[in-house]
Amino acid sequence: MPTSTQIVWYKRDLRVGDHRPLAEAADRGPVLPLYVAEPSIAAGDDYRPRHWTLIREALIELRARLANRGQPLVVRCGEMPEVLEGIREQVGPIRLWAHEETGNQLTFERDRRVREWADEHGVPFTEVPSRGVIRGPHDRDNWAEQWEAYMDRPLVYPPDALTPVDGIEPGPLPSHADLGLRPSTAALQQIGEAEAHRTLQSFFQDRGETYRRAMSRPGPATTECSRISVHLAYGTISLRRVVHELRQRQDELRGARGEAATARRKALDSFDSRLHWHSHFTQKLEDAPRIEKESYIPAFDALRADDWDPALYEAWLHGRTGFPMVDACMRRLRATGWLNFRMRAMLCSFAAYDCWLDWRRFAPAYGGLMADYVPGIHYPQVQMQSGTTGINRVRIYNPVKQGREQDPDGTFIRRWVPELSYLETTAYVHAPWKMSPIEQQAAGCVIGEDYPARVVDHNEAYHHAQDTIHEYRQRPEIQAQADVILERHGSRA
Ligand SMILES: Cc1cc2nc3c(=O)[nH]c(=O)nc-3n(C[C@H](O)[C@H](O)[C@H](O)COP(=O)(O)OP(=O)(O)OC[C@H]3O[C@@H](n4cnc5c(N)ncnc54)[C@H](O)[C@@H]3O)c2cc1C
């Protein structure tokens with residue numbers, strides 16, 4: 005019987021190191037590593053040109069790394085079952101390997117189609133767990149122990165030489181146009197396996213000492229946060245490898261004395277928690293894929309359903325709300341694809357509470373702006389920051405207070421909102437509407453002409469949101485559903 009060709013289906017795991025499907029496949033025969041750029045997935049309302057820019061960059065390095073092992077990455081543009089069919093016709097019997105992916109509804113359905121195709125054609129298909137997320141029934145009470153056990157397992161490396169597959173062209177890397185996308189103009193972080201390791205090591209060794217202090221400030225957070233998210237999003241490093249390197253660094257610092265070492269130890273502990281959150285949040289979407297499109301408590305879908313204001317949505321999405329901190333953060337996210345956690349939460353809070361926009365309608369576009377977009381983190385976070393989980397405290401950010409606290413001298417706002425860059429008085433940078441007409445003219449920033457007037461009254465919006473959500477949460481049927489949500493998805497920490 006001929007040996008089957010082992011197809012390793014790459015998705016959000018664009019690496020060679022710690023890649024169990026690749027290692028398992030290599031043990032069994034000739035390996036065909038495959039990435040399929042799927043127009044149906046790229047057509048999703050959360051998919052943006054920036055995502056393909058990053059994936060493409062990661063594929064270039066992956067192809068070279070695999071070529072060094074004897075078999076370059078094969079790339080095709082099309083729909084996965086048809087691509088598989090074509091390859092099978094060329095090479096004969098195949099076996100399929102992949103990591104489990106907790107994606108959006110489109111990838112969820114695509115994965116189902118691939119499984120059906122494999123069943124129909126008698127193709128063995130093995131999916132391997134990833135990111136500490138558990139598929140299928142599991143006990144939420146000992147989830148944390150299972151996470152630790154998964155992360156503790158040794159890293160897995162493929163052999164130095166792969167048995168290549170004859171007669172299959174690697175194929176060109178599809179362009180943006182091939183996927184129906186415009187080119188991306190965003191100034192994105194570099195991505196790739198080598199860059200992932202550099203980023204992590206520079207966080208452990210050089211940056212990150214003031215992580216805890218800086219993480220809420222959008223300016224300093226840029227270099228003090230780990231910036232590993234884009235690598236985890238596309239899998240140019242495995243979460244397990246990040247945890248292994250973290251444990252090693254924690255060990256190195258264990259006996260170290262002095263203020264700097266203490267600060268670093270604390271920073272690493274905070275980082276450690278966030279790596280748990282990565283899986284903890286993703287687990288929520290894995291367990292309930294419906295929460296991409298539906299509130300945790302379905303009754304909350306009615307909360308804002310009839311109140312969509314397209315003008316407010318556009319103002320928010322393009323950073324033209326008249327609230328400098330909101331506009332600066334949104335423009336920065338649009339330009340670079342990255343923002344720190346606190347400011348992502350503030351932007352979401354502004355959309356959901358101040359503009360009273362339905363999260364189901366703004367979440368895909370918001371995710372599309374994030375270079376590190378991970379549906380499993382994004383949707384649970386958006387719902388948490390929109391007050392529709394029924395189990396979390398309703399947190400409504402005051403955008404002016406956030407500006408004063410997180411950008412006290414206005415540097416970040418001046419950088420991203422050039423209309424305000426000539427304002428000498430920092431208090432006005434945070435609240436430009438407080439300038440008198442004469443001051444506005446002197447500063448070359450007339451509110452309503454050069455910079456937008458505020459699109460909402462924050463205090464009014466705050467009270468409206470608090471009262472409405474409070475009223476919903478008092479309803480007995482919502483309280484009963486909240487208990488179920490807490491039992492099913494709540495953290496046991
Ligand atoms: C509304 C909203 C949407 C978000 N969408 C995404 C998303 O699509 N993709 C994404 O990676 N992060 C998302 N986050 C979480 C967080 O903002 C980013 O992970 C973080 O800013 C990435 O920068 P970093 O790698 O330097 O983070 P660090 O602070 O250095 O954290 C290290 C890693 O921990 C994980 N992490 C950090 N914070 C969280 C969190 N609150 N929840 C879950 N995991 C976390 C990430 O994988 C991150 O890379 C979202 C947050 C909010 C409020």
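Sequential numbering of the sequence shown, starting at 5, is according to the numbering used here.
Positions of the beta carbon are idealized from the N, C-alpha and C atoms, including for glycine.
Segment limits, alpha helix (DSSP H) that includes H282: E263 to D291
If you draw a straight line from the alpha carbon of H142 to that of Q485, how long is it in whole angstroms? 20 Å
In chain order, each alpha helix (DSSP H) run of at least 4 residues that lies wholly inside the segment 304–330: 314–321
Residue of V460, E423, V459 and D461 minimising C-alpha distance to Q444: E423
Checking 7 Å against the spacing of the C-beta atoms, do L243 and R135 come in under that value? yes
Using DSSP with H/G/I as helix, E/B as strand and the rest coil, what is A41? strand
Provide the residue(s) that pair with V160 in DSSP beta bridges, ordered along the chain. Answer is none; V160 lacks a bridge partner.
Contact the segment 53–69 vs the segment 81–91: 3+ CB pairs below 8 Å: no
Taking the straight line between their C-alpha atoms, what separation do you get for E120 and A191? 40 Å
Element boundaries [beta strand (DSSP E), containing Y14]: T9 to Y14
With a 10 Å radius around its C-beta and 16 neighbouring C-beta atoms as the bar for buried, classify I442 as buried or exposed. exposed
Suppose the cutoff is 8 Å on Cβ atoms and the five residues either side in sequence are ignored; what does the same chain contact list for E298 look like? D305 and R364
What number of angstroms, rounded off, separates the C-alpha of G326 from the C-alpha of I482? 35 Å
Distance, A218 Cα to P224 Cα: 5 Å
Answer yes or no: do E83 and E42 have a C-beta to C-beta separation smaller than 7 Å? yes
With a threshold of 6 Å, establish whether the CB of F285 neighbours any heavy atom of ligand 1. yes
Quick one: what's got a C-beta closer than 7 Å to C333's C-beta in the same chain, skipping five residues either side? P222, L343, M347, M350 and L351
Quick one: what's got a C-beta closer than 8 Å to Y173's C-beta in the same chain, skipping five residues either side? Note that residue 173 is Glu in the sequence shown, not Tyr. Correct list, in chain order: V78.
Look up T430 in the DSSP assignment and say whether it is helix, strand or coil. helix
Would DSSP call V246 helix, strand or coil? helix
Rounded straight-line distance, which links the Cα of P178 to that of P85: 18 Å
Secondary structure at E131, three-state DSSP: helix, strand or coil? strand
Confirm the yes/no value for this check: CB of F345, any heavy atom of ligand 1, distance under 6 Å. yes
For L58, I'd like the list of residues in its chain whose CB is within less than 7 Å of its CB, leaving aside the five on either flank, ordered along the chain. L192, I195, V234, Y238 and A375
Around the C-beta of S230, are 16 or more other C-beta atoms found within 10 angstroms, so that it is buried, or is it exposed? buried
W56: CB within 6 Å of a non-hydrogen atom of ligand 1: no
Using a 10 Å radius around the Cβ and a threshold of 16 neighbouring Cβ atoms, would you call Y426 buried or exposed? exposed
On a Cα-Cα basis, can you pick out the residue from T106, P25, G74 and P302 that is closest to F129? P25
Are there any heavy atoms of ligand 1 lying less than 6 Å away from the beta-carbon of M350, as far as the coordinates show? no
Once the 5 residues before and after T111 are set aside, which same chain residues still bring their CB inside 7 Å of it? I45 and E105
Near ligand 1: R211 beta-carbon under 6 Å from a heavy atom: no
May I ask you to report which of helix, strand or coil DSSP gives I417? helix
Would you list the residues sitting across from W3 in a DSSP beta bridge? Nothing about residue 3 can be read from this structure; the chain reaches only from 5 to 497.
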